[in-house]
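Chemist: After the structure tokens below, expect a handful of questions from me.
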Amino acid sequence: MKVRDAMTGDVLTMTPGRSLRDAAKFMADHNVGAVVIMDPEQPGPGIFTERDLVRSIGKGENPDDEHVAEHLTAHAAFADIEWDLEEAADTMAKGGFRHLVVVRHGELCGIISMRDIMRVWRPSARPVATS
């Protein structure tokens, strides 16, 4: 299986000037654990995750005063859309990442998480539909 078979193609993006509270609300509203950060002044996308938020709150920082730019991972780790899922999983494991930005010919086209990989590798882990 390929990255394209497991990734989310609807990439949620945000600018780095948003407050951590704005980012938390945005991620909660969309039920995601990460958002891609697009900064026209920086090459390539960054990523902001729930883990970044927890680190800041754990330090006692005010989420209304802190900005995503101060807590994101610049130059996010990536996976090519044509990689095998094993290569994406290895990249995550080696780097300690739970999300990878997905690119096609160097352009942002998706995001993939450990949960996405588990979902396609273990069909029994898919949520059961209820009527």
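Residues in the sequence shown are numbered consecutively from 1, following the UniProt record's numbering.
Ideal Cβ placement from N, Cα and C applies to all residues, glycine included.
Would you kindly report the start and end of the unbroken beta strand (DSSP E) that includes L20?
Modeler: Here L20 belongs to no beta strand (DSSP E); instead the alpha helix (DSSP H) covers L20 to H30.
Chemist: Given 8 angstroms as the limit, is there contact between the stretch 43 to 50 and the stretch 84 to 96, that is, 3 or more CB pairs closer than that?
Modeler: Segments in contact, no.
Chemist: Rounded to the nearest angstrom, what separates N62 and G96 at their Cα positions?
Modeler: Approximately 27 angstroms, taken between the alpha carbons.
Chemist: In chain order, which continuous runs of the alpha helix (DSSP H) of length 4 or greater are located wholly inside the UniProt domain "CBS" (72 to 128)?
Modeler: Taking only runs of at least 4 residues, the alpha helix (DSSP H) segments lying wholly in the UniProt domain "CBS" (72 to 128) are 85 to 95 and 114 to 121.
Chemist: Starting from T8, follow its DSSP beta bridges and name the residues at the other end.
Modeler: Its beta-bridge partners are I111.
Chemist: Could you tell me the boundaries of the alpha helix (DSSP H) in which R58 lies?
Modeler: The displayed chain sequence assigns Gly, not Arg, to residue 58. Its alpha helix (DSSP H) spans residues E50 to G58.
Chemist: Ignore the nearest five residues each way along the sequence and tell me which others in D52's own chain have a CB closer than 6 angstroms to its CB.
Modeler: Closer than 6 angstroms at Cβ, skipping near neighbours: H71.
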